[in-house]
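Novice: Residue numbering for the sequence shown follows the working numbering, beginning at -12 and increasing consecutively. Dumping the structure here so I can ask a few things about it.
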Amino acid sequence: MRVVAEHEGVAPVGALAFTAEDFRNHPNFRAILQASARDLMSVFDVFPRVARLVASHQKWTLSQAVYTLHLERDPANPETGITTARLLKFMHEMGGASRNTAAAFIAELLTYKLLRDTNGGRARKKVRPLEPTEISEGAMLRWFMSQMGTLDRFDGKGRLQRVEADRTIFERAQPIATRLLLADRRWNEPPEAVAAFVWTECGGLLLDDLMSRPQSLDPVDGKVWLEASLSELATHYMISNTHIRRIFTRAQDAGLIGRAGEGQRGLFWLGERLLDEYCQWQSVKMAGLANGYEQAVRQAKSMPE
């Protein structure tokens, strides 16, 4: 049974158990982060349409906000749950999207049958309450579980196993983590090298894909090398060759990535700046998720039997 999240209990920053620095200082941080990128690629393989839809940072943010509204819905209170107006209010309070962007995103989710009316049919009232479909719920849970597995690689705390045994932890943790991340400018405003990818359509997917490919994310002479075909990436992620080449050209012009010389087609390098900023940005996400989980577990323990 779904639990209404108690978002009022989100702890202030000073009371948080984990910081981004805790993760960045881990001796195996980059190796764990690369394993996480590979996990995210496997999520795409299972839910390609959903993953592609939320593969820019703005749409990722909107999708997390939509799901937070869903989990914070009280079935006895019609003033809660997902509507376009509530999403707009949420994003206005947390920052991140205009009225038109929020409305267009809701319409897109409805078109792709990732949202539906709460009563299973078209609502007659002016306010149209919505809920995620099973595909959306499955994709969000799979993503969250992949991230719990990543956190477990850092400290072996068994989060993945615990969430598998008690789904209410996920239902409490996701809204807490979302609010923590959307309140953190380090996450909301990605560093410039990361922003070159994640503010573009499907750019977040492409960046994670690139990070998953090298043998290691530890640069040698300021670079890590990988093999990739732009046309194959475009086909795999269902985007145009023009779009993906535009992303790569802009990143190359900024010195973030580069190509090998003649006769080495398909061989690229990622620069140290891009690697560093990606790792810094991801460490903020790791801390937000870890703190969301910790607070959710505390809430669960405080609930009466």
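Beta carbons: idealized from backbone N, C-alpha and C, even for Gly.
Can at least three beta-carbon pairs, one atom from the segment 152 to 161 and one from the segment 271 to 290, be found at a separation below 8 angstroms?
Specialist: The segment 152 to 161, when compared against the segment 271 to 290, does touch it at the 8 angstroms Cβ threshold.
Novice: Looking at C-alpha atoms only, which residue of Phe131, Gly125, Ile122, Leu97 is the closest neighbour of Arg115?
Specialist: Comparing Cα positions, the closest option is Leu97.
Novice: Below 6 angstroms CB to CB, which residues in the same chain sit around Ile93 once its five sequence neighbours on both sides are set aside?
Specialist: Excluding positions up to five away in sequence, the list reads Thr71.
Novice: Identify whether Phe34 lies in helix, strand or coil by the three-state DSSP scheme.
Specialist: If DSSP states are grouped into helix, strand and coil, Phe34 belongs with coil.
Novice: Of the residues Ile19, Tyr265, Cys266, which one's Cα is nearest the Cα of Asp139?
Specialist: The shortest Cα separation from Asp139 among Ile19, Tyr265, Cys266 belongs to Ile19.
Novice: So what does DSSP say about Pro162, is it helix, strand or coil?
Specialist: If DSSP states are grouped into helix, strand and coil, Pro162 belongs with the helices.
Novice: Using a 10 Å radius around the Cβ and a threshold of 16 neighbouring Cβ atoms, would you call Ala238 buried or exposed?
Specialist: Classification for Ala238: buried.
Novice: Identify whether Gly191 lies in helix, strand or coil by the three-state DSSP scheme.
Specialist: Gly191 falls in the helix class under three-state DSSP.
Novice: Output the distance between the C-alpha atoms of Arg11 and Ala241, rounded to the nearest integer angstrom.
Specialist: Their backbone Cα atoms lie some 25 angstroms apart in a straight line.
Novice: With DSSP run on the structure shown, which of helix, strand or coil describes Trp186?
Specialist: Residue state, collapsed to three classes: coil.
Novice: Tell me the rounded alpha-carbon separation between Leu168 and Tyr54.
Specialist: Roughly 14 angstroms separates the two Cα atoms.
Novice: Would you say Met198 and Leu204 are within 8 angstroms of each other, going by their C-beta atoms?
Specialist: Yes, the Cβ-Cβ distance between Met198 and Leu204 is below 8 angstroms.
Novice: How long is the line joining the alpha carbons of Ala110 and Lys100, rounded to whole angstroms?
Specialist: Residue placement at Ala110 cannot be trusted, given a pLDDT of 49 that sits under 50; what the coordinates show is reported in the next sentence. Cα to Cα, Ala110 sits roughly 15 angstroms from Lys100.
Novice: By the three-class DSSP mapping on this structure, what secondary structure does Gly245 have?
Specialist: Correct three-state label for Gly245: strand.
Novice: Which stretch, first to last residue, makes up the alpha helix (DSSP H) that contains Arg86?
Specialist: Where Arg86 is concerned, the enclosing alpha helix (DSSP H) stretches over 86 to 98.
Novice: If you drop the 5 nearest sequence neighbours on each side, which residues of the same chain put their C-beta closer than 8 angstroms to that of Leu49?
Specialist: Correct list, in chain order: Val41, Leu74, Met78, Gly83, Ala84, Thr88, Ala89, Phe92.
Novice: Rounded to a whole number of angstroms, what is the C-alpha to C-alpha distance between Gly263 and Thr105?
Specialist: Checking the sequence shown, residue 263 turns out to be Asp, not Gly. One C-alpha to the other measures close to 43 angstroms.
Novice: Just to confirm, is the Cβ distance from His44 to Val185 under 8 angstroms?
Specialist: Yes, the Cβ-Cβ distance between His44 and Val185 is below 8 angstroms.
Novice: Looking at C-beta atoms only, is the number of pairs between the segment 125 to 133 and the segment 21 to 38 that lie closer than 8 angstroms three or more?
Specialist: Output reads yes: the segment 21 to 38 touches the segment 125 to 133.
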